[in-house]
Amino acid sequence: MNEKLTHIDHKGDANMVNIGNKKDVMRKAKARGEIRLKASTIAAIEKDSVAKGNVLSVARVGAIDAVKHTWEIIPLCHQIDINGIEVKFSVEKEKVIMEVEVETFGKTGCEMEALVGLSIGLNTIWDMVKSIEKDENGKYPTTSIGQIEVIEKVKGD
381 MNEKLTHIDH KGDANMVNIG NKKDVMRKAK ARGEIRLKAS TIAAIEKDSV
431 AKGNVLSVAR VGAIDAVKHT WEIIPLCHQI DINGIEVKFS VEKEKVIMEV
481 EVETFGKTGC EMEALVGLSI GLNTIWDMVK SIEKDENGKY PTTSIGQIEV
531 IEKVKGD
């Protein structure tokens, strides 16, 4: 395992890694996470009766847009060409599981793009349902985002 921090030079200063000499190859990354919600909120999502609109459709667009802007959000992250983005949802009893898969052909991977897309997608769900998730004190005792991880990374053919 390489324990050297690639973005830090010998003086401890942060720099963007030079990837100019790396070979272009197909790369793919998939991230997964979840948002826990009240059962009544899940029911409203399933019935498409949330006042702000179709929760999963808006979250999908938010995730896709976030993937495309990752390089503007994450310091020292390269701007990459995105070949494709796939967003999937699994609605369960008290949570929504979301997956974001990103594919590129280039010199660097797309894990950060998948993670940023996932994070913004989950936050978008929270924003869409916050009015029905709040308790009488304006708090969110049952709402949480978690289990965020890269579940797949492919480099090469």
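Per this note's numbering, the sequence shown runs over residues 381 to 537.
No residue lacks a Cβ here, since even glycine has one placed at the ideal position from N, Cα and C.
> Less than 9 Å separating the beta-carbons of Arg412 and Glu529?
Replying inline: Your numbering for residue 412 matches position 32 in the sequence shown. Your numbering for residue 529 matches position 149 in the sequence shown. Closer than 9 Å, so yes.
> Using a Cβ-Cβ cut-off of 8 Å (strictly less than) and excluding sequence neighbours within five positions of His387, which residues of its own chain qualify?
Replying inline: Here the question's residue 387 lines up with position 7 in the sequence shown. Ala394, Asn395, Met396, Val397 and Leu456.
>> Do Arg416 and Gly518 count as a contact pair if the criterion is CB distance below 9 Å?
In response: In the sequence shown, residue 518 corresponds to position 138, counting from 1. In the sequence shown, residue 416 corresponds to position 36, counting from 1. No, they are not a contact pair.
>> Looking at the secondary structure, which residues open and close the alpha helix (DSSP H) in which Thr450 lies?
In response: Numbered from 1 along the sequence shown, position 70 holds the residue referred to as residue 450. Where Thr450 is concerned, the enclosing alpha helix (DSSP H) stretches over Thr450 to Ile453.
> Within this structure, are the beta carbons of Ser341 and Lys432 separated by less than 9 Å?
Replying inline: This structure does not reach residue 341, given that the chain is present from 381 up to 537, and the question cannot be answered.
>> By alpha-carbon positions, which one of Cys490, Tyr520 and Pro521 ends up nearest to Gly536?
In response: Position 156 of the sequence shown holds residue 536. With distances taken between Cα atoms, Gly536 lies closest to Cys490.
> Thr523 lies in the alpha helix (DSSP H); which residues open and close that run?
Replying inline: Taking the first residue of the sequence shown as position 1, residue 523 is located at position 143. First-last for Thr523: undefined, no H or E at that position.
> Cα separation between Asn401 and His449?
Replying inline: Residue mapping note: residue 401 aligns to position 21 of the sequence shown, counting from 1. Residue mapping note: residue 449 aligns to position 69 of the sequence shown, counting from 1. Approximately 24 Å between the Cα atoms of the pair.
> If you draw a straight line from the alpha carbon of Glu426 to that of Glu414, how long is it in whole angstroms?
Replying inline: The residue given as residue 426 occupies position 46 in the sequence shown. The residue given as residue 414 occupies position 34 in the sequence shown. If I take the Cα positions, the gap works out to 16 Å.
>> On the criterion of 16 or more Cβ atoms from any shown chain inside 10 Å, does Ile453 qualify as buried, or is it exposed?
In response: Working through the sequence shown from its first residue, we reach residue 453 at position 73. When all chains shown are included, Ile453 counts as exposed.
> Using the C-alpha atoms, what's the distance from Tyr520 back to Ile460?
Replying inline: As a first step, residue 460 must be located in the sequence shown, where it is residue number 80. As a first step, residue 520 must be located in the sequence shown, where it is residue number 140. The alpha-carbon atoms of Ile460 and Tyr520 are separated by roughly 37 Å.
> To which residues does DSSP link Gly536 through a beta bridge?
Replying inline: Position 156 of the sequence shown, counted from the first residue, corresponds to residue 536. According to DSSP, Gly536 bridges with nothing at all.
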